[in-house]
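Step one of this worksheet: look at the structure below.
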Amino acid sequence: MSLRGRLLILIIGLLSAAVLALAGSLGWQAREAILVQAEADGTRIARVLAQAASVANTVPDEIERVVGRQMVAEALLTAHLFDVAEKAGISAVEMNDRLIEIAARSAISEIWGIDEGGWTTYHSLPDVAFQILPDAERDPHFHRFWDLLSGEKFSLIGPSIDRDLDGKRFKYAGVRGVSKAGAAIIGYDFAFIQSIVDRIGLNQVVRSLLDSGRVNAIWVFDHQFQPLAQGAILGTDVNSEPNERERTALDASIRSGDVASWLSGANMVVVTPIPGPDGGPIGATLLRLPTDGLQGLVRSSLIYTAIVAGAILLA
Numbered sequence: 000m001s002l003r004g005r006l007l008i009l010i011i012g013l014l015s016a017a018v019l020a021l022a023g024s025l026g027w028q029a030r031e032a033i034l035v036q037a038e039a040d041g042t043r044i045a046r047v048l049a050q051a052a053s054v055a056n057t058v059p060d061e062i063e064r065v066v067g068r069q070m071v072a073e074a075l076l077t078a079h080l081f082d083v084a085e086k087a088g089i090s091a092v093e094m095n096d097r098l099i100e101i102a103a104r105s106a107i108s109e110i111w112g113i114d115e116g117g118w119t120t121y122h123s124l125p126d127v128a129f130q131i132l133p134d135a136e137r138d139p140h141f142h143r144f145w146d147l148l149s150g151e152k153f154s155l156i157g158p159s160i161d162r163d164l165d166g167k168r169f170k171y172a173g174v175r176g177v178s179k180a181g182a183a184i185i186g187y188d189f190a191f192i193q194s195i196v197d198r199i200g201l202n203q204v205v206r207s208l209l210d211s212g213r214v215n216a217i218w219v220f221d222h223q224f225q226p227l228a229q230g231a232i233l234g235t236d237v238n239s240e241p242n243e244r245e246r247t248a249l250d251a252s253i254r255s256g257d258v259a260s261w262l263s264g265a266n267m268v269v270v271t272p273i274p275g276p277d278g279g280p281i282g283a284t285l286l287r288l289p290t291d292g293l294q295g296l297v298r299s300s301l302i303y304t305a306i307v308a309g310a311i312l313l314a
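Mapping of the sequence shown onto numbering that gives the first Met the number 0: residues 0 to 314, in sequence order.
Here it is in structure tokens:
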């Protein structure tokens, strides 16, 4: 073969190698750019969830305070109802029948009328009676309402309690009597309050993210590594519990506020801290995001690069 022919083959070979190397480099850079963008998008979603978790952490207490104020208003109306009924000579039996109907047709679970001695005079629960005592040891749940009977307080909102009657969690609030010593007390099944929290709290945020299709699985943990909320798309392997690497990243995020993300099979895993009032972490979130669309973009980019490289070589 002549020198000219060998030089031509060498030039074509070098040109082909350069084109292929350039194509490979462009394909790799495109892949990395797509991965970086996907990681950034996943981190933004995780941070939005972390901020929502930070706010949602205060939602239950705030809802309970708002409901408590509403219960005081209902108790005040009830106290005036008792006062009007007594002045009108309405019997306790008739009043109790009305209270039973009110409780059955409203969000109010229980209504109680209490006399100056702490005994129930009116009630929405048939055949149930009790006495409020001022001694916390003898009456650990209702002793605080004695201040209404003595007139020391006008209204009182009690904490949520697990009552002895059936073990259910309840919340009570009351006001003192209108024309004489006594009290009107309203009781709410805590399940009603919890249902409000579920509709607007962290669980709703988790459901919305899962329904969007942009997230396969979510875990939200507090600073003691206890789950606050979690959810996953059923029928896939993403609903498995956090593995060792994920738990290590969660621990670092809770302790130091670290952010971590990596590809794990068909998922992009993102771990972010939940900021507290002082800016420090009070928990962490773990997200597994699908990469189906990402992998499609990478394949399309590589195919396009290969076509361009082939066209250059053929030219």
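For each residue, glycine too, the CB sits at the ideal point set by N, CA and C.
Here P276 carries a coil assignment [DSSP, helix/strand/coil]. For D60, no beta strand (DSSP E) encloses it; the enclosing alpha helix (DSSP H) starts and ends at V58 to A87.
Judged by their CB atoms, A228 and L201 are nearer to each other than the 7 Å cut-off. Excluding five sequence positions before and after G230, the CB atoms of its chain that fall closer than 6 Å to its own CB belong to V205, L209 and I217, given in chain order. Counting of Cβ neighbours within 10 angstroms places W111 among the buried residues, the total reaching 16 or more.
Along the length of the segment 148–220, whole alpha helix (DSSP H) runs at least 4 residues long occupy 189–199 and 201–211, reported in chain order. By the CB criterion at 7 Å, L262 and L285 fall outside the cutoff. S90 and F224 have their C-alpha atoms some 56 Å from each other. By the Cβ neighbour-count rule, F153 is exposed, with fewer than 16 other Cβ atoms within 10 Å of its own. Of the residues L80, S53, L155 and L48, the one whose Cα lies closest to the Cα of D277 is S53. Contact annotation: the segment 155–172 does not touch the segment 80–100, with fewer than three C-beta pairs closer than 8 Å. Look at A51 here: in three-state DSSP terms it is helix.
If you check the CB distance, S260 and T57 do not come in under 7 Å. Counting C-beta atoms within 10 angstroms of its own C-beta, W145 has 16 or more neighbours from the protein chains shown and is therefore classed as buried. In the three-state reduction of the DSSP assignment, A265 falls in the coil class, being assigned neither a helical nor a strand state.
In the DSSP assignment, the residues bridged to W118 are Q130. The three-state reading of DSSP puts V92 in helix, counting H, G and I together.
DSSP, reduced to helix, strand and coil, places A135 outside both helices and strands of the structure shown, so it counts as coil. For E109, the enclosing beta strand (DSSP E) covers residues E109 to I113.
Sixteen is the threshold: since fewer than 16 other Cβ atoms of the shown chains lie within 10 Å of the Cβ of A39, the residue is exposed. When the Cα atoms are used, S123 and G186 turn out to be separated by approximately 10 Å.
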